[in-house]
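Chemist: Take 1137 as the starting number for the sequence shown in the numbering used here and just add one per residue. Using N, Cα and C, we set each Cβ at its ideal position, and we do this for glycine too. First the structure, which I've put down as structure tokens, then a few questions once you've had a look.
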Amino acid sequence: MLLHDKIEAQLPAWRERYRVLAKEHGETVVDQVTVGQILGGMRDIKSLLTDISYVDPAHGILFRGLSIPEVLEKLPKGRGAKMPLVGGLYYLLMVGEVPNREQALAVEAEWASRAEIPDYVFKMLKGMPRDTHPMILFTQAVMALASDSHFARQYHAGLKRDEFWRPALDDSLDLTAKLPLVAAYIYRNRYFGERKKPRYNPRWDYGTNFARMMKVADKKGYAELSRLYFILHSDHESGNVSAHTTHLVGSSLSDIYFAFAAGLSGLAGPLHGLANQECLIWLLRLREKFGGLPTAEQLRSFAWETLESGQVIPGYGHGVLRVVDPRFMAQLQFARERFPDDELLRLAELVFEVVPAVLKEQGKAKDPAPNVDAISGTLQHFYGVSEYEFYTVLFGVGRALGVSANYVWARALGQPLERPKSVTTKMLEEVVSKAPAGV
Ligand code: NMX
Ligand code: MLT
């Protein structure tokens, strides 16, 4: 199988690089930890290792060294499409090279051959109360799929450590193949009461299949958006909550289903992936309050009301980025090219003009710029997917691509159990009592 062969060919060189670092440079200092970082959520401590993607605070995400504009330009596209094949992105993340069209289509074909879901998963979803949040359903469905894990079965049958990555890759291909069906079923069942299982058509790519299973009116336009969306949301290095949680759980040799379900539970938080639903709610409230587009001054006072009530302005700020998120810019460009006059888009643009200055004036947020979530719901809304509680599920479908690539490589390179050390408050007080003031 293509991805298996490509990874296998690279393994000896990667393992040697890890061996040299561990054996010959194990004591070299990379970073130091301050009391502020311990109290501040381990912010910025350089202690995670991944080669799949890197967030440059001044430029944004690089997927295997490529910026978002480069990824969108260089990855192969399907006939008549402007947005790249998602299969090409998965190849890039897994293999570290830009694929040709044939290679991207080989990943797409692999997905098509694995996109079957056992009936009990649909039965379980159908059995849940209609008002269950889609992220609860999505996480449950991922857990329900875990019974078919190749990794878990082969591990318990005595598989050698050096071989862990092979069933991990099979599981990752299975998982990423099935997620669009699970997501579309949750959408159609929860909001339209549909009970029929969606079908994946091998003649179409990942994005087109998703658009067709979602049954939106403009399937071609939504297929383009889906490709862009899943690519943009795939990875954001290893420190964000969903990626880090998936990695942490995977480090105990739980299979990717357990690990990703844990990551999804983190994605479901309003400071992380759930911010995309919160953003659309915020925009809709703003529009409702002013009966359409507000003036810049009205928007300013609305933003201040949010801040003064102790809430965050969703979609703005970031733990690492210190510039406008290029994932925001890519979505903005997509929308401007296709529906520049859409009222919600114009509102999102107005927010982009006004809110950074408000956040700067407040002086708390280190990054007053928009992040990926500030506009993603606006695009979904344009194509008729206005049920905002569903938005974080879409983020999850995309995020599976990046975290599963990390999971496979972590097993391939034998990354160990993650187990940092904690201290007590008293210990910190003792440390600072011995240090010169301010040091
Ligand atoms: N609105 C109001 N206050 C903010 C915002 C914002 N958008 N962003 C940061 N702050 C505050 C933050 O709450 C903190 O306040 P305090 O000192 O009272 O605790 C202060 O500014 C410093 O925070 P930062 O160090 O700039 O940000 P941090 O790294 O702690 O948090 C986020 C990053 C993304 C959680 C934060 O910017 C935020 O809450 N943004 C809004 C929610 C959001 O858009 N989340 C999605 C992020 C992207 N994603 O998909 O995961
Ligand atoms: C992400 O895509 O995971 C978010 O931007 C959050 C982060 O990187 O911290």
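Please confirm whether residue 1266 has its beta-carbon closer than 9 Å to some beta-carbon of chain B.
Modeler: Within the model displayed, chain B is absent; a lone protein chain is all it includes.
Chemist: Hey, would you say the C-beta of residue 1179 is under 8 Å away from at least one heavy atom of the ligand NMX?
Modeler: Answer for residue 1179: yes, Cβ within range of the ligand NMX.
Chemist: Nearest CA to the CA of residue 1540: which residue from 1387, 1346, 1342, 1276?
Modeler: Taking only the C-alpha atoms, the option nearest residue 1540 is 1387.
Chemist: Helix or strand or just coil, what does DSSP make of residue 1437?
Modeler: Helix, per DSSP.
Chemist: If you scan the stretch 1394-1449 from start to end, which runs of the alpha helix (DSSP H) of 4 or more residues do you find wholly inside it?
Modeler: Runs found: 1411-1426, 1432-1444.
Chemist: According to DSSP, is residue 1188 helix, strand or coil?
Modeler: Note: residue 1188 maps to coil in three-state DSSP.
Chemist: Just to check my reading of the structure: residue 1393 and residue 1285 have Cβ atoms closer than 8 Å, yes? What is that Cβ distance to the nearest angstrom?
Modeler: At roughly 6 Å, the Cβ-Cβ gap stays under 8 Å, so residue 1393 and residue 1285 are in contact.
Chemist: Cβ-heavy atom distance between residue 1408 and the ligand NMX below 8 Å?
Modeler: Answer for residue 1408: yes, Cβ within range of the ligand NMX.
Chemist: Here's a check: name, in chain order, each residue in its chain whose Cβ is nearer than 6 Å to the Cβ of residue 1518, leaving out the five neighbours to either side.
Modeler: Once the five neighbours on either side are set aside, the close Cβ partners of residue 1518 are 1475, 1478.
Chemist: Along the chain, where does the beta strand (DSSP E) containing residue 1197 start, and where does it finish?
Modeler: Start and end: 1196-1199.
Chemist: Flag residue 1513 as yes when its Cβ comes closer than 8 Å to any non-hydrogen atom of the ligand MLT, and as no otherwise.
Modeler: Answer for residue 1513: no, Cβ out of range of the ligand MLT.
Chemist: So residue 1288 and residue 1257 are in contact, right, with Cβ under 8 Å, and what is the actual spacing, rounded?
Modeler: Residue 1288 to residue 1257, Cβ: 17 Å. No contact.
Chemist: Which residues in the same chain as residue 1169 place their Cβ atom closer than 7 Å to its Cβ, once the five residues preceding and following it in sequence are excluded?
Modeler: So the qualifying residues of the chain are 1181.
Chemist: What residues in its chain sit with their C-beta under 7 Å from that of residue 1325, if we drop five residues either side in the sequence?
Modeler: These residues qualify, in order along the chain: 1261, 1262, 1331.
Chemist: Quick check on residue 1254: does DSSP put it in helix, strand or coil?
Modeler: Coil at residue 1254, not helix or strand.
Chemist: Could you please give the first and the last residue of the uninterrupted alpha helix (DSSP H) stretch that includes residue 1524?
Modeler: Counting along the chain, residue 1524 falls outside any alpha helix (DSSP H), and DSSP gives it neither H nor E.
Chemist: Taking residue 1211 as part of the alpha helix (DSSP H), name the residues at either end of that continuous run.
Modeler: Counting along the chain, residue 1211 falls outside any alpha helix (DSSP H), and DSSP gives it neither H nor E.
Chemist: Give, in chain order, every unbroken run of the alpha helix (DSSP H) that is at least 4 residues long and sits entirely within the stretch 1247-1317.
Modeler: Qualifying alpha helix (DSSP H) stretches, in chain order: 1255-1263, 1270-1281, 1286-1292.
Chemist: Could you check how far apart the C-beta atoms of residue 1139 and residue 1311 are, in whole angstroms? I think they sit under 8 Å.
Modeler: With a Cβ gap of about 14 Å, residue 1139 and residue 1311 do not count as contacting.
Chemist: Any heavy atom of the ligand MLT closer than 8 Å to the beta-carbon of residue 1195?
Modeler: No, Cβ of residue 1195 sits at least 8 Å from all heavy atoms of the ligand MLT.
Chemist: Grouping DSSP H, G and I as helix and E and B as strand, with all else coil, what is residue 1452?
Modeler: Note: residue 1452 maps to strand in three-state DSSP.
Chemist: What does a CB cutoff of less than 7 Å around residue 1439 pick up in its chain, not counting 5 residues either side in sequence?
Modeler: The answer, listed in chain order, is 1449, 1490, 1491, 1494.
Chemist: Tell me which residues pass a beta-carbon proximity test against the ligand MLT: closer than 5 Å to any heavy atom, given in chain order.
Modeler: Having a Cβ closer than 5 Å to some heavy atom of the ligand MLT are 1372, 1376, 1455.
Chemist: Can you check DSSP and say which residues form a bridge with residue 1506?
Modeler: Its beta-bridge partners are 1452.
Chemist: Return yes when the Cβ of residue 1501 is within less than 9 Å of the Cβ of residue 1550, no when it is not.
Modeler: No. Outside cutoff.
Chemist: So is the beta-carbon of residue 1450 under 8 Å away from any non-hydrogen atom of the ligand NMX?
Modeler: Answer for residue 1450: yes, Cβ within range of the ligand NMX.
Chemist: Could you check which residue in 1457, 1389, 1361, 1314 has the C-alpha nearest to that of residue 1372?
Modeler: Comparing Cα-Cα distances from residue 1372 to each of 1457, 1389, 1361, 1314, the minimum goes to 1457.
Chemist: I'd like to know whether the C-beta atoms of residue 1432 and residue 1269 end up nearer to each other than 9 Å.
Modeler: No.
Chemist: Mind reading off the beta-carbon distance from residue 1316 to residue 1248? Whole number of angstroms is fine, and I expect it under 8 Å.
Modeler: Not confirmed; about 11 Å, so no contact.
Chemist: With respect to 8 Å, is the separation between the Cβ of residue 1498 and the closest non-hydrogen atom of the ligand NMX below this value?
Modeler: Residue 1498 Cβ: within cutoff of the ligand NMX.
Chemist: Using the beta-carbon count (16 or more within 10 Å), is residue 1165 buried or exposed?
Modeler: Its Cβ having fewer than 16 others within 10 Å, residue 1165 is exposed.
Chemist: On the DSSP bridge assignment, give the partners of residue 1202 in chain order.
Modeler: Paired residue(s): 1199.
Chemist: Taking contact to mean at least 3 C-beta pairs separated by less than 8 Å, is the stretch 1363-1372 in contact with the stretch 1214-1230?
Modeler: Cβ pair count under 8 Å is three or more, so yes.
Chemist: List the DSSP bridge partners of residue 1220.
Modeler: Answer is 1213, bridged to residue 1220.
Chemist: For residue 1271, count the other beta carbons within 10 Å of its own beta carbon; 16 or more makes it buried, fewer makes it exposed. Which is it?
Modeler: So residue 1271 counts as buried.
Chemist: In the DSSP assignment, the alpha helix (DSSP H) including residue 1344 goes from what residue to what residue?
Modeler: Per DSSP, residue 1344 belongs to the alpha helix (DSSP H) from 1342-1350.
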